[in-house]
Amino acid sequence: MAGRQRSAVNELPEQVGRLVRDELRLAIGETRAKARQAGFGGGLLAGAAVLGLYGGAALIAALVLPLARRLPPWLAALLAGTVLSGTAAALAALGVRGLREIDPVPQEAVTEAERTAETLRESVETR
241 MAGRQRSAVN ELPEQVGRLV RDELRLAIGE TRAKARQAGF GGGLLAGAAV LGLYGGAALI
301 AALVLPLARR LPPWLAALLA GTVLSGTAAA LAALGVRGLR EIDPVPQEAV TEAERTAETL
361 RESVETR
């Protein structure tokens with residue numbers, strides 16, 4: 241009996257090391273998946289910025305010139321700018337919403353680590 245206990249105690253560091261490596265692999269994999277999701281939301285925000293700046297300039301000219309024939313030029317520019325700014329704001333809101341939906345905590349790894357810790361506690365308490 242004493243020999244088995246010594247053997248189990250001797251194997252414990254190796255088993256704990258393996259367990260920690262497995263937990264780290266799980267956490268890294270889950271974090272990478274979440275980072276890809278965050279990258280998509282960030283890409284939407286970048287697209288909103290590009291549309292708001294570069295595309296907006298061309299659209300302003302395309303909208304202002306015909307409007308300026310019937311309205312004062314300042315009012316035509318104001319209307320065009322309002323429409324473009326609203327579009328950029330809508331894209332930004334979609335990007336922010338997508339980013340907020342991502343939980344940055346690797347939940348599977350945390351849950352597994354909690355289960356493992358509980359199992360270890362129970363194992364130590366029964367000995």
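Following my numbering, the numbering of the sequence shown begins with 241 at its first residue and continues without gaps. Think of the CB as a built atom: it goes at the ideal place given N, C-alpha and C, for glycine as much as any other residue.
Residue i in three-state terms, based on DSSP
i    : result
D262 : helix
P344 : coil
A308 : coil
N-terminal and C-terminal residue of the alpha helix (DSSP H) that residue i is part of
i    : result
G326 : 313-340
Nearest-angstrom Cα separation, counted from residue j out to residue i
i    : j    : result
E365 : E358 : 10 angstroms
E341 : A330 : 17 angstroms
S363 : T356 : 10 angstroms
L305 : K274 : 46 angstroms
CB-CB length for residue i against residue j, believed under 8 angstroms
i    : j    : result
A297 : A308 : Their Cβ separation, rounded to whole angstroms, is 16 angstroms, which puts A297 and A308 out of contact at 8 angstroms.
L339 : G281 : 4 angstroms
P346 : A267 : 5 angstroms
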